[in-house]
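Q:
Number of protein chains: 2
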Amino acid sequence: MNANARPFQERLRNAQLQSGSALCVGIDVDPRRLPEGLAPDRRGIEQFIRGIIEATADLVSVYKPNLAFFEALGDDGPPLVRSTLAAIPDSVLSIGDAKRGDISTTAERYATALFEVFGFDAATVNPYQGWDSVEPYIRDPSRGAFLLCKTSNPGSVDFQDLLCEYQGQRLPLYEVVARRAVEWAGAGNVGLVVGVTYPEDLSRMRQVATDLPILIPGVGAQGGEASEALERGARPDGTLAIVSVSRQVLYASSGADWAAAARAEALKLRDALRVPAPSASG
Amino acid sequence: MNANARPFQERLRNAQLQSGSALCVGIDVDPRRLPEGLAPDRRGIEQFIRGIIEATADLVSVYKPNLAFFEALGDDGPPLVRSTLAAIPDSVLSIGDAKRGDISTTAERYATALFEVFGFDAATVNPYQGWDSVEPYIRDPSRGAFLLCKTSNPGSVDFQDLLCEYQGQRLPLYEVVARRAVEWAGAGNVGLVVGVTYPEDLSRMRQVATDLPILIPGVGAQGGEASEALERGARPDGTLAIVSVSRQVLYASSGADWAAAARAEALKLRDALRVPAPSASG
């Protein structure tokens, strides 16, 4: 997977063409929620993640393991991140949902952990500390950094919605983040995280960040609609949106049919999240 | 250490009285920078961290392991975090410098990793996602969360300095964070991170957050003065500042005398960072 050195947006486009879908499955595994027949230990979690990936890999363009759930497993965390990434086929991208943010030398260590130790294709990054906290994640044009912009949670109003003075305008903080991301996206490998739970903000961020990929959480358990996420978050040609769903797929059934149930949910979502192939005329 | 269930500020005060010092030593171990005689592997890193703690524990009130450096070690990371915490005496607090920030259910997993799996006494938290991303870290009044406010790096100007409309005033974003932190600090266990590299901002944040602990990076390798950090960051009675120094202590010598050299640096810093005992009259 890491030998793939094409520019990040090209890799994303290829993954979406291969699956025909903007679907991203978030891997947020809580051992207390494993389905029937799986032990709440390292082996059970590994079986579960592998089973979910095998049941859905042809339907998704991106998997998004959430690091918090791995870290809560202590010593089992890093080996489980590695076995998860090993189970993802080369045609599907991985985003390490880490939301890291730290100053330059420390950011470099986090980027090393995510991109070299684990081998993620991209990571989510918290922009609060500014440029030198983002730069280590975008040095390699084949890997991407998705900056938190307008997040899907209720608390996102606390700071992200503050009106700020920026270049003679009054803009919400999340829009300033989007505008800086556009400036920083020289190699095309900077993206945004914008939740579908604030649908008008998602539409607006697509207008501001015309050529940036947008990772869109908030579908399913958080209340958003997959099709709305794609309509508002994609470019007019249907590209550059990544719609993330976690619990709706992972925990589609708590019974022994969990893998088949996950596939059935992923199929429905794939159909709601079709990415058109380019027309023959290009 | 975790049996200590007194309120966080009381625990901090006790640690500072015991050592007589506001000194916090950041543990940012890069295996490429280990001194003479130590192998760049798990055992060498463990020896180094243990040696640094043994050489300095009576002089410091807080150790601040930086999670990025542990995560870059892959599978060795979690065991080394645990052995680091095990080496810290009960009289000294630990802050997990993780700068995590995520939405509610995920934030709970991060808090579980930091406070239950590892057993840190406090953590640094990125406030960008708002209240529900902070709340899981402050449920236990004996543990603290230090919110990134005005950080020590050059990029901190990019977003933290933006002027925002807040309650009829125009305030820099970092000051809005400080004001929200004051509102959220019901149990006294919310603190701020403010770098001494922006000294006037540090003085101002002490005025805004009268009763909150402030963790102050930026001394030493980043150019700030320890005594200035204490003067500007502490309350008038000399309390509630935690002045963090990493490389100046850790890498005081690259020779075989590294432990003695670390102690000599910590002694100098302790003397610059004296916390007065309360007067007999209270």
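Chains as they are written, first to last, in our numbering: chain A, 1 to 282; chain B, 1001 to 1282.
By construction, the Cβ of each residue, glycine as well, lies at the ideal position given by its N, Cα and C atoms.
Keep in mind it's a predicted model, so treat the numbers as computed, not measured.
1) Output the boundary residues of the alpha helix (DSSP H) element that contains Ser83 of chain A.
2) Could you tell me which uninterrupted beta strand (DSSP E) segments, each at least 3 residues in length, are contained entirely in the segment 1132 to 1176 of chain B, listed from first to last along the chain?
3) How far does the beta strand (DSSP E) with Leu319 of chain A in it extend, from its first residue to its last?
4) If we define contact as Cβ-Cβ less than 8 Å, is Cys24 of chain A a contact residue for chain B?
5) Give the single residue among A:Leu93, A:Ile216, A:Ala113 whose Cα lies nearest to the Cα of Asp1076 of chain B.
6) Excluding five sequence neighbours on each side, which residues of the same chain lie with their C-beta closer than 7 Å to the C-beta of Val177 of chain A?
7) Do the segment 1194 to 1201 of chain B and the segment 1223 to 1235 of chain B meet, that is, are 3 or more Cβ pairs less than 8 Å apart?
8) Taking the CB atoms as reference points, tell me whether Val243 of chain A and Gly233 of chain A lie closer together than 8 Å.
9) Can you pull out the residues from the segment 1150 to 1172 of chain B whose beta carbon lies closer than 8 Å to at least one beta carbon of chain E?
10) For Asp30 of chain A, which residues of its own chain have a beta-carbon under 7 Å away from its beta-carbon, when the five flanking residues on both sides are left out?
11) Would Ala3 of chain A be called buried (16 or more neighbouring beta carbons within 10 Å of its own) or exposed?
12) Using DSSP's beta-bridge definition, name the partner residues of Ile1242 of chain B.
13) Across which residues does DSSP place Ala1122 of chain B in a beta bridge pair?
14) So, helix, strand or coil for Gly1191 of chain B, using DSSP?
15) So, at 6 Å on beta carbons, what are the nonlocal neighbours of Ser203 of chain A in its own chain, with the 5 sequence-adjacent residues on each side left out?
16) Could you work out which residues of chain A lie near Asn1004 of chain B, taking near to mean beta carbons separated by less than 8 Å?
17) Which residue from A:Leu230, A:Gly191, A:Arg270, A:Gln47 puts its Cα closest to that of Ala123 of chain A?
18) Could you check whether the Cβ of Pro78 of chain A sits closer than 8 Å to any Cβ belonging to chain B?
19) Could you tell me how far apart the beta carbons of Arg1142 of chain B and Leu1093 of chain B are, in whole angstroms, since I believe they sit closer than 8 Å?
20) What do you get for Gln1169 of chain B, buried or exposed, if any count of 16 or more other CB atoms within 10 angstroms of its CB means buried?
21) For Ser1104 of chain B, which residues of its own chain have a beta-carbon under 6 Å away from its beta-carbon, when the five flanking residues on both sides are left out?
22) What are the residues that DSSP puts in a beta bridge with Val1062 of chain B?
23) Who are the neighbours of Gly1044 of chain B on chain A, taking C-beta pairs under 8 Å?
24) Check each candidate in B:Ser1254, B:Val1193, B:Asp1102, B:Glu1175 and name the one with the smallest Cα separation from Asn153 of chain A.
25) Quick one: list the residues of chain A neighbouring Gly1224 of chain B, beta-carbon separation under 8 Å, in chain order.
26) Using a Cβ cut-off of 7 Å, which residues of the segment 1122 to 1137 of chain B contact any Cβ in chain A, in chain order?
27) Can you grab the Cα-Cα spacing for the pair Ile1027 of chain B / Pro276 of chain A, in whole Å?
28) For Tyr1063 of chain B versus Ile1088 of chain B, is the C-beta distance shorter than 8 Å?
29) For a contact defined as C-beta to C-beta under 7 Å, what are the partners of Arg1180 of chain B on chain A?
30) Identify whether Arg1011 of chain B lies in helix, strand or coil by the three-state DSSP scheme.
A: Answer, in terms of the structure:
1) 77 to 87
2) 1144 to 1150, 1163 to 1166, 1169 to 1172
3) Residue 319 of chain A is absent from the structure shown; chain A starts at 1 and stops at 282.
4) no
5) A:Ala113
6) Pro127, Leu147, Cys149
7) yes
8) yes
9) Reference to chain E is not applicable here, since the protein chains of this structure are A and B.
10) Phe69
11) Low confidence applies here, because Ala3 of chain A scores a pLDDT of 45, under 50, leaving its location unreliable and the question unanswered by this model.
12) B:Leu1215
13) B:Ile1095, B:Gly1144
14) strand
15) Arg232
16) The contacting residues do not exist; Asn1004 of chain B stays about 21 Å from chain A at best.
17) A:Gly191
18) yes
19) According to the sequence shown, residue 1142 of chain B is Ser rather than Arg. Contact doesn't hold; Cβ gap of about 11 Å is too wide.
20) exposed
21) Asp1132
22) B:Cys1024, B:Leu1093
23) Per Cβ cutoff of 8 Å: no residues; Gly1044 of chain B is ~17 Å from chain A at best.
24) B:Asp1102
25) Simply none; closest approach about 13 Å.
26) Asn1126, Pro1127, Tyr1128, Gln1129, Gly1130, Trp1131, Asp1132, Ser1133
27) 50 Å
28) yes
29) Asp158
30) helix
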